[in-house]
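All remarks here apply to the structure that follows.
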C-alpha cells in the first residue's frame with residue numbers, strides 16, 4: 006500500500022494532528038541520529054519543534070508509525086555502523102517490522118515541492134518476503150492484518166479524500182499545496 010502526495014507544512018500538520026488524535030499509531034523516528042536512541046513523538050508540536058517540515062528534499066523527514074495492537078513483537082533494531090564513515094559513531098537504531106507504516110515528508114527545494122509518501126506492507130507482500138528474509142523473526146503470518154489494513158485505509162483515506170484537492174500523475178495534491186501551485190508560488 007502506498008499513497009504519494011504533495012503537501013505544505015500546513016497539510017503535514019493536519020496529517021500529524023489526525024494521526025495523534027484519530028488513530029492508535031505510535032510515532033517514531035524511522036532512524037535515530039548516530040549514537041542515539043530511537044525517539045518516540047507524542048504530539049504534532051513536538052515534531053514541529055524538532056524538524057523543518059517546510060524545506061528539504063524528498064523524504065527529508067521520515068517516521069515509523071506503529072499500532073501496538075497489531076502483534077508486531079520487536080519494532081526497534083540496533084544498526085551497527087562503521088565509525089570510519091560515521092564520525093566515530095558505531096550504532097544507530099531503526100524502527101522496522103512488517104506492521105510498521107512509513108511516513109515520508111518531502112519539502113520545498115528551489116521552488117519545487119517534493120513528494121511525500123505514506124506506505125506499508127500488505128499481508129501478501131509481507132508473508133512472501135518474510136519467508137525469505139533471514140533478519141526478521143518470520144512473524145508476518147502472526148500479525149493482525151485486518152487491523153493493519155484498517156489503520157492503513159483510515160490514514161490513506163484522510164490524506165486522499167479529506168485533504169486531497171487534485172490528482173496528479175505523481176500523486177495527490179493536498180489542499181494547501183494546491184493553492185500555492187495554482188497561484189504559481191510552487192511547482193511540482
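In the numbering used here, the protein residues as written are 6 to 193. All residues carry an ideal CB built from backbone N, CA and C; glycine is no exception. Predicted model, so just to flag it, every value in this text is computed and none were measured.
Same chain, Cβ closer than 6 angstroms to residue i, neighbours up to 5 away in sequence not counted
{"i": "residue 14", "result": "58, 59"}
{"i": "residue 55", "result": "none"}
{"i": "residue 84", "result": "97, 99"}
Alpha-carbon spacing of residue i relative to residue j, whole angstroms
{"i": "residue 121", "j": "residue 47", "result": "21 angstroms"}
{"i": "residue 178", "j": "residue 33", "result": "25 angstroms"}
{"i": "residue 42", "j": "residue 101", "result": "14 angstroms"}
{"i": "residue 184", "j": "residue 172", "result": "14 angstroms"}
{"i": "residue 151", "j": "residue 30", "result": "15 angstroms"}
For residue i, the nearest candidate out of the options (CA to CA)
{"i": "residue 131", "options": "103, 17, 156, 31", "result": "103"}
{"i": "residue 192", "options": "8, 12, 7", "result": "12"}
{"i": "residue 176", "options": "149, 189, 155, 124", "result": "124"}
{"i": "residue 129", "options": "119, 154, 112", "result": "154"}
Spatial neighbours of residue i in its chain, beta-carbon cut-off 8 angstroms, leaving aside the 5 residues before and after
{"i": "residue 114", "result": "60, 61, 62"}
{"i": "residue 18", "result": "49, 53, 58"}
Assumed close pair residue i, residue j - CB separation to whole angstroms, cut-off 8 angstroms
{"i": "residue 147", "j": "residue 76", "result": "6 angstroms"}
{"i": "residue 69", "j": "residue 105", "result": "5 angstroms"}
{"i": "residue 28", "j": "residue 156", "result": "6 angstroms"}
{"i": "residue 20", "j": "residue 164", "result": "6 angstroms"}
Beta-bridge partners of residue i, as assigned by DSSP
{"i": "residue 171", "result": "178"}
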